[in-house]
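Heads up, the thing below is written out as structure tokens.
In the numbering used here, the protein residues as written are 4 to 172.
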């Protein structure tokens with residue numbers, strides 16, 4: 004198949020997304036290093052009303068689920084999730100930029116947490132939203148990347164559905 008100047012090569016489409024994955028992992032790991040070396044353990048450090056830093060360790064996966072599993076099982080599970088997301092990313096048409104951004108963020112976040120588990124045996128969490136009578140689970144930037152990535156994929160699916168519906172009418 005001949006490619007025109009307006010039809011970028013597959014590699015030129017993948018490299019920016021892989022760069023986003025690398026940047027997400029690098030930023031996540033740099034912040035976690037700072038948290039581990041500078042933030043006291045299990046001490047609330049208020050930043051602004053309803054937001055604080057609170058260093059803790061997550062022995063499981065999201066929201067401490069499966070915390071009783073051995074590290075090798077959690078590493079394998081994370082690896083399987085990454086492989087599955089890579090498969091979905093590969094199968095998604097290249098024109099679906101929002102979805103591709105979402106997949107890159109999910110993989111970057113998952114790799115960031117995978118590094119934690121492989122290096123420390125747990126995931127470093129430090130972001131806390133709270134009020135006097137309620138608090139959300141403590142999480143980290145990698146978790147935020149995963150959540151934002153999932154939201155982007157859902158948004159892309161809604162846009163694609165609306166676009167398809169519009170063209171069927």
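Ideal Cβ placement from N, Cα and C applies to all residues, glycine included.
| Asked | Found |
| --- | --- |
| Beta-carbon gap between residue 152 and residue 106 smaller than 9 Å | yes |
| Runs of alpha helix (DSSP H) wholly within the stretch 71–98 (minimum 4 residues, chain order) | 74–94 |
| Beta-carbon gap between residue 42 and residue 48 smaller than 9 Å | yes |
| Reduced DSSP secondary structure (H/G/I, E/B, other) of residue 116 | helix |
| Own chain residues within Cβ distance below 8 Å of residue 117, not counting five before or after | 78, 81, 82, 85 |
| Element boundaries [alpha helix (DSSP H), containing residue 162] | 144–171 |
| Reference residue 75, options 65, 59, 121, closest by Cα | 121 |
| Residue 35 versus residue 128 - alpha carbon distance | 8 Å |
| Residue 139 (DSSP reduced to helix, strand or coil) | coil |
| Candidates 71, 126, 154, of which the one nearest residue 102 by Cα | 154 |
| Residue 73 versus residue 160 - alpha carbon distance | 35 Å |
| Bounding residues of the beta strand (DSSP E) (the contiguous stretch that carries residue 132) | 126–132 |
| Three-state class that DSSP yields for residue 19 in the structure shown | helix |
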